[in-house]
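Heads up, the thing below is written out as structure tokens.
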Amino acid sequence: MTAFDNQRSVFRFAPSPNGRLHLGHALSALLNQDMANASGGRLLLRIEDIDLSRCTPEFEAAIFEDLDWLGVSWEKPARRQSEHLDEYRQALQRLIDLGLAYPAFMSRGEVKAFVSKAEQQGRPWPCDPDGAPIYPPLDRLRSAAERERLLSDHHRHAWRLDIGKATAELGRRLTWAETGDGPKGSIAARPEDWGDIVLWRSDAPSSYHLSVTLDDALQGVTHVVRGLDLFHATAVHRLLQELLGLPAPAYHHHRLILGTDGRKLSKSAGDTALAALRAQGLTSADVRRLVGLA
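Quick note: the sequence shown, position 66, residue 1545 per the working numbering, numbers continuous.
Okay, here's the thing in structure tokens:
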């Protein structure tokens, strides 16, 4: 276990109710509880239901059922992101007022066509750490007058962070404290590797990066324990913390539970849900052994 300071630690498990929990979620929930117990700290539950088109009350109820079966307990009530949209909107507005966010009008199809054309012309297009193409600079370079015209005409748009301007505004390199299963110690943050990230979508209020960063601060989270698939995204969260004047928690990115094909488990891929394991007669102790926490 990790060594903690004398401050009472606050952990959080933050699933999205857009499918049934699987073994990967079980590892994260149990590890958060184990580390909270080891430190004499608190465990919070956050329901990340920003994606209103995919998140359902049925899946949320299933999260509570699965966690109860695992023996995971948390402080009541759980925080639902859908009940705090005004807080995210205020954070976005602060970044807009600082001149660090701009309206982005390109659709996914337009981005794909732009990148394809660039590559056909022999210009390899950079990708972010998740493998997605970096957002083209066209919207960032628009004049203020053109932006106002497009907004006045109600063109569909998102809001993106001007990553170059934001890092220049900060004027120093960022790090984060890491104790997880990958690199450890003081990790150099490279938010510029992500390009101009989305802060607010036209089809979903807020974005993962903005809402999770604000939630952790508002809930007083001191230790973020989550999968290694989010290791590199921490650079973006550290930048947002600094821009918005928020505290920086410690991070522990744990190993992932992989399927037989070597990929991480996923709801969208239909990987075996905890409910199915329960129906097969497995116990919570069996799950702890399956995820390597016996």
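By construction, the Cβ of each residue, glycine as well, lies at the ideal position given by its N, Cα and C atoms.
As the structure is a computational prediction, the values presented were derived from the model and not from experiment.
Can you tell me whether residue i sits near the ligand SAH, meaning its C-beta is under 6 Å from at least one heavy atom of the ligand?
{"i": "G1741", "result": "What this structure holds is no ligand at all, so the ligand SAH is not there to describe."}
Over what stretch of residues does the alpha helix (DSSP H) that includes residue i continue unbroken?
{"i": "V1715", "result": "1713 to 1723"}
{"i": "A1493", "result": "Element bounds for A1493: n/a, residue is neither H nor E."}
{"i": "L1697", "result": "1687 to 1697"}
{"i": "V1704", "result": "From DSSP, V1704 is part of no alpha helix (DSSP H) but of the beta strand (DSSP E) over 1702 to 1706."}
{"i": "F1756", "result": "Note on residue identity: the sequence assigns Leu, not Phe, to residue 1756. Run containing L1756: 1753 to 1758, per the alpha helix (DSSP H) assignment."}
Here's the rule: buried if 16 or more other CB atoms are within 10 angstroms of the residue's CB, otherwise exposed. What is residue i?
{"i": "D1675", "result": "buried"}
{"i": "A1482", "result": "Confidence at A1482 is low in this model, with a pLDDT of 41, below 50, so its placement is unreliable and no value can be given for it."}
{"i": "R1768", "result": "exposed"}
{"i": "H1634", "result": "exposed"}
{"i": "P1496", "result": "buried"}
{"i": "D1595", "result": "Reading the sequence as shown, one finds Ser at residue 1595 and not Asp. With fewer than 16 other Cβ atoms within 10 Å, it is exposed."}
{"i": "A1540", "result": "exposed"}
{"i": "L1718", "result": "buried"}
{"i": "H1737", "result": "Per the sequence shown, residue 1737 should be read as Leu rather than His. It counts as exposed."}
{"i": "N1516", "result": "exposed"}
{"i": "G1724", "result": "exposed"}
{"i": "R1491", "result": "buried"}
{"i": "Q1759", "result": "exposed"}
{"i": "R1705", "result": "buried"}
{"i": "A1668", "result": "buried"}
{"i": "G1661", "result": "exposed"}
{"i": "L1693", "result": "buried"}
{"i": "T1646", "result": "buried"}
{"i": "T1713", "result": "buried"}
{"i": "S1622", "result": "exposed"}
{"i": "D1695", "result": "buried"}
{"i": "Q1512", "result": "buried"}
Determine the closest residue to residue i out of the options, with distance taken between C-alpha atoms.
{"i": "Q1698", "options": "Q1572, E1589, S1532, Q1560", "result": "Q1560"}
{"i": "F1710", "options": "H1733, L1718, E1671", "result": "H1733"}
{"i": "L1735", "options": "R1587, A1752, L1707", "result": "L1707"}
{"i": "P1616", "options": "P1603, D1632, D1641", "result": "D1641"}
{"i": "I1526", "options": "L1549, R1558, P1728, R1533", "result": "R1558"}
{"i": "A1637", "options": "A1683, P1612, P1726", "result": "A1683"}
{"i": "E1671", "options": "R1587, L1649, A1764, Y1687", "result": "L1649"}
{"i": "F1584", "options": "E1537, P1603, N1516, D1632", "result": "D1632"}
{"i": "G1578", "options": "R1639, A1696, L1630, A1764", "result": "R1639"}
{"i": "W1655", "options": "T1646, A1696, A1623, V1715", "result": "V1715"}
{"i": "S1685", "options": "H1563, A1758, W1604, G1724", "result": "H1563"}
{"i": "S1586", "options": "F1490, A1647, Y1614", "result": "Y1614"}
{"i": "K1644", "options": "R1521, Q1512, L1722, A1696", "result": "L1722"}
{"i": "E1589", "options": "P1603, P1494, D1618", "result": "D1618"}
{"i": "K1663", "options": "R1626, H1731, T1701", "result": "H1731"}
{"i": "A1611", "options": "E1625, A1597, K1591, Q1600", "result": "K1591"}
{"i": "R1628", "options": "E1657, P1582, L1653, A1647", "result": "P1582"}
{"i": "D1528", "options": "G1520, L1506, A1493, R1742", "result": "A1493"}
{"i": "K1743", "options": "A1580, D1694, L1506", "result": "L1506"}
{"i": "G1520", "options": "L1510, R1621, R1487, P1556", "result": "R1487"}
{"i": "L1524", "options": "P1556, P1605, L1772", "result": "P1556"}
Terminal residues of the continuous beta strand (DSSP E) containing residue i?
{"i": "A1668", "result": "1664 to 1668"}
{"i": "D1729", "result": "Note on residue identity: the sequence assigns Ala, not Asp, to residue 1729. Residues 1729 to 1733."}
{"i": "L1769", "result": "Counting along the chain, L1769 falls outside any beta strand (DSSP E), though it belongs to the alpha helix (DSSP H) covering 1763 to 1769."}
{"i": "W1679", "result": "1677 to 1679"}
Check whether the Cβ of residue i lies closer than 7 Å to any Cβ atom in chain C.
{"i": "E1554", "result": "In the structure shown, chain C does not exist; there is a single protein chain."}
Quiz item: Quick check: the segment 1534 to 1553 against the segment 1499 to 1507, are there 3 or more CB pairs under 8 Å?
Solution: yes
Quiz prompt | Any 3 or more C-beta pairs closer than 8 Å across the segment 1674 to 1683 and the segment 1567 to 1580 | solution = yes
Quiz item: If you scan the segment 1498 to 1529 from start to end, which runs of the alpha helix (DSSP H) of 4 or more residues do you find wholly inside it?
Solution: 1502 to 1518
Quiz item: Taking the runs of the beta strand (DSSP E) that are 3 residues or longer, which of them lie wholly in the segment 1522 to 1595?
Solution: 1554 to 1559, 1580 to 1583
Quiz item: What residue ranges within the segment 1619 to 1661 form continuous alpha helix (DSSP H) runs of no fewer than 4 residues, ordered along the chain?
Solution: 1623 to 1631, 1642 to 1649
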